[in-house]
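Residue numbers (mature numbering (1 follows the signal peptide of the UniProt record, and there is no 0)): -28 to -1, 1 to 123. Virtual Cβ for every residue (Gly too), placed ideally from N, Cα, C. Bear in mind the structure is a predicted one, so any value in this text is a computation, not a measurement. Everything below concerns the one structure shown next.
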Amino acid sequence: MTSKRTLRRLPVAAAVCAALLFSLPACAQPSAMAETASEAAAKVEKNATTGIARITLSQRAIERLELLTDTVKPGPGGAGVLFPYAALLYDAQGKTWVYINPEPRVYERQPVTVTKIEAGAVTASVGPAVGTPVVTVAAAELFGAEFVTGK
């Protein structure tokens, strides 16, 4: 059974809840609101021919992921290319890939053919050109973004 006192408090409680509800957007950080209003954290565009996506990240997403790159170097004796092991990814079929950074904030998956892994470095006979930046931190997140949101 409800008392009259409880019924009198109901409109006050509803007013307090409404005030809190309408004040929540004011609590959001301006940068987070600007990101959702102006651009998404990641834009995934699949290439219909290759099936490989081009991922464009917002600057805020790059900072959140603490994404880092390193440059591909010439392989020992000029054969192939050399890059950090941290850049190497394996897909479900066991194929090897890296994410390259061809333009600012743009990332693309590229196949590599590994010939040797030693002391934290990968030597590949097929891979990105010497001087190409490859993702060494947050490559797994790019891989997830490509296959989860890029459908």
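K88 is bridged by DSSP to T95. When DSSP states are grouped into helix, strand and coil, A12 belongs to the coil group. Proximity to L39 across V120, P105, P48 peaks at P105, based on C-alpha coordinates.
Listed in chain order, the non-local C-beta contacts of L54 below 6 Å within the same chain comprise K45, G47, A93, T95, local neighbours out to five positions each way being set aside. At a Cβ-Cβ threshold of 8 Å, E118 and I27 count as neighbours.
Looking at the DSSP output, K18 sits in a beta bridge with A25.
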